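K.L.:
Structure in structure tokens, see below.
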Amino acid sequence: MEKLLEKCTSCKSGSCCQEGVELSREEARKIIALSPKVKRPWFRLVHPKDNPAPGYNYETLVKDGRCIFQADDKKCLVYKVRPKNCAEFPLEDGKPAEYYEKLCSNK
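Take 862 as the starting number for the sequence shown in my numbering and just add one per residue.
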């Protein structure tokens, strides 16, 4: 896994943020406490039929083709309290994310 992470030297234009990310209630509370300067709503409930991971009942909204917390300069507006799924990227549950090669640059 270390070799995989060494190859990912940067994110391709913040492209990993093109989708919403599942997060827990506690992660949502941390973002709310941070109070980013982003127009609400920020989250949606994940429907049980979508099979969210246990404890991940919310998802960040997507606006203009990217996560609502991604600024125009591609930086994360909630980086200090970003959800676990964001912090661990390009891994998901210890394995390469589904779109790893598309999203990660090794240049």
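Beta carbons are placed, not taken as given, at the ideal position from N, Cα and C, and that holds for glycine. Keep in mind that this is a model prediction, so the values were computed, not measured.
With DSSP run on the structure shown, which of helix, strand or coil describes P915?
P.N.:
Collapsing the DSSP output to three states places P915 in coil.
K.L.:
Buried or exposed for L906, please, with buried defined as at least 16 other CB atoms from any protein chain shown within 10 angstroms of its CB.
P.N.:
exposed
K.L.:
My guess is that K941 and L895 are in contact by the Cβ rule of under 8 Å, so how many angstroms apart are they, rounded?
P.N.:
7 Å
K.L.:
Please identify the residue among E949, P951, P902 and K956 whose C-alpha is closest to the C-alpha of C928.
P.N.:
In terms of Cα proximity to C928, the closest of E949, P951, P902 and K956 is P902.
K.L.:
Cβ atoms of Y917 and F904: under 8 Å apart, would you say?
P.N.:
For the 8 Å CB-CB criterion, F904 and Y917 do not form a contact.
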